[in-house]
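Enquirer: Those letters in the sequence shown? Residues 396 to 701, per our numbering, in order. All C-beta atoms, glycine included, are put in the ideal place defined by N, C-alpha and C. All figures in this text were calculated on a predicted structure; none of them were measured in a lab. Let me begin by handing over the structure; questions about it come next.
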Amino acid sequence: MSDTERSDDRETTGVDRDPTAVVESVFDVVADAAPEIRRALPGRRVESGADNPSGETVMAADVYADDLLADRIASVEGVGEFASEERESPADVGDGLAVAIDPLDGSSNLRSNNAMGTVVGVYDAPLPASGRDLVGAGYVLYGPITTMIVATEDGVREEVVETDSDAETTGVTRTVVEKSIELPDDPTVYGFGGRVPDWPPAFESYAREIESELKLRYGGAMVGDVNQVLTYGGVFAYPALEDAPNGKLRLQFEANPIAYIIEQAGGAASDGVQDILDVPPEKVHQRVPLHVGSTSLIDRLEDALA
Ligand code: AHG
Ligand code: MN
Ligand code: MN
Ligand code: MN
């Protein structure tokens, strides 16, 4: 279907907002929520007592971030569907694009006070959707500084997100610090998840090669580890494991958005065999092995696993 046909089709669905405008509105909401989520973290370092659809322990902070973002994203004009790591199935919220979020990525880092993030994918298709249907993706990184990465068809930018300290206003100020991010030509860092004894032999031998060439940067939260690769070039992977052939990370709200960002920044993303964005969507919480970073390193990975 050509683009013009598609836009005609969009008018018939009653959604006449340009997809990039909807993406920007979604990230306006995510940026505004970031300081509130950050302020809520210290008091929500406890387990909520519930598990999520992936069978993981849910922290009180996961619940807070999910509830805050669900309401606000659902109210964006042009958003029609909402899905989250913490919710069983997507919610129909009207007419328009589908948004899948990881409200708090790396929440196990809360107790050890290390980086965490919020991941967002905006799809022009019902969920579960192919990464090829992404029209935008991004993440907030709750690091020493709160930053937000936003990727659209126009490229990848980085913003610093601050709470306006002036008592009279409660605004959030956003400053674009990188207008168009490209992965550096020479890769520098790597970070691999899972336990070495659980890595399949082919991945382990690839890892040994990479370890002899690059510097280890692994913080245990995908967003922080991917931001290292986006900044310095290199490779992040949460690979297939002997007892978990689909790895740990979820396609809809972790792997696809990260793959979109890294590819828009000139890198590559693979499940070990194919581009992440081509992985057929089956379930909202389906897991996929994720390897992202400098194209040369991802090419070597696919050769190693072939
Ligand atoms: P989440 O906190 O959203 O469930 O994601 C956690 C993920 C990801 O952030 C990270 O790369 C990975 O879990 C780390 O897993 P291990 O603890 O097994 O290293
Ligand atoms: Mn989780
Ligand atoms: Mn996550
Ligand atoms: Mn999460």
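1) Residues with a Cβ closer than 6 Å to any heavy atom of ligand 3, in chain order?
2) Please state whether DSSP places V618 in a helix, a strand or coil.
3) Whole alpha helix (DSSP H) runs in the region 414 to 475 with 4 or more residues, listed along the chain?
4) Residue ranges of each beta strand (DSSP E) run of no fewer than 3 residues wholly in the region 551 to 635, ordered along the chain?
5) I'd like the ranges of any beta strand (DSSP E) spanning at least 3 consecutive residues and lying wholly in the region 495 to 557.
6) Below 8 Å on the Cβ atoms is my guess for Y613 versus D620; work out the distance and round it to an integer in Å.
7) From E400 to V474, what distance separates their C-alpha atoms?
8) Is Y459 near ligand 1, going by C-beta to nearest heavy atom under 6 Å?
9) Candidates L644, Q647, G667, I671: which alpha carbon is nearest I657's?
10) Just checking E606 against ligand 4 - is the residue's beta carbon closer than 6 Å to any of the ligand's heavy atoms?
11) Is the beta carbon of V425 closer than 7 Å to that of V515?
12) Whole angstroms is fine: what's the gap from Y469's alpha carbon to A701's?
13) In the structure shown, what three-state DSSP assignment does L644 receive?
14) What do you reckon, is the C-beta of E637 under 6 Å from a heavy atom of ligand 4?
15) Looking at C-beta atoms only, is the number of pairs between the region 630 to 646 and the region 482 to 491 that lie closer than 8 Å three or more?
16) Considering only their Cβ atoms, is the gap separating Q669 from L646 smaller than 7 Å?
17) First and last residue of the beta strand (DSSP E) that includes S665?
18) Under 6 Å: does the beta carbon of E480 sit that close to some heavy atom of ligand 4?
19) What span of residues does the alpha helix (DSSP H) with L685 cover, start to end?
20) My guess is that E481 and V458 are in contact by the Cβ rule of under 8 Å, so how many angstroms apart are they, rounded?
21) State yes or no: is the C-beta of E451 nearer than 6 Å to some heavy atom of ligand 2?
22) Terminal residues of the continuous alpha helix (DSSP H) containing A654?
23) Whole angstroms are fine: how far does the CA of T583 sit from the CA of A495?
24) Assuming G526 and A616 make a contact with CB atoms under 8 Å, what is their CB distance in whole Å?
25) Spell out a yes or no on whether the region 566 to 586 and the region 449 to 458 are touching, meaning 3 or more CB-CB pairs, one atom from each, closer than 8 Å.
26) Using alpha carbons as the reference points, say which of A416, G550, E599, G586 lies closest to S575.
27) Answer with buried or exposed for N508, where buried requires no fewer than 16 other C-beta atoms within 10 angstroms of its C-beta.
Expert: By the coordinates alone:
1) D497, D500, M617, E649
2) helix
3) 414 to 435, 455 to 469
4) Qualifying beta strand (DSSP E) stretches, in chain order: 567 to 573, 584 to 587, 629 to 633.
5) 511 to 518, 529 to 537, 541 to 547
6) 6 Å
7) Its pLDDT being 40, under 50, E400 is placed unreliably by the model, and nothing is read from it.
8) Checking every heavy atom of ligand 1 against the Cβ of Y459, none is found closer than 6 Å.
9) I671
10) no
11) yes
12) Looking at the sequence provided, one finds Ala at residue 469 rather than Tyr. Distance between the alpha carbons of A469 and A701 is about 42 Å.
13) coil
14) Set against 6 Å, the gap from the CB of E637 to the closest heavy atom of ligand 4 is not smaller.
15) no
16) no
17) 663 to 665
18) yes
19) It is not in any alpha helix (DSSP H) - L685 instead sits in the beta strand (DSSP E) that spans 685 to 688.
20) 7 Å
21) yes
22) 651 to 659 is the extent of the alpha helix (DSSP H) around A654.
23) 31 Å
24) Going by Cβ atoms, the distance from G526 to A616 rounds to 21 Å, so no, they are not a contact pair.
25) no
26) Closest by alpha carbon: G550.
27) exposed
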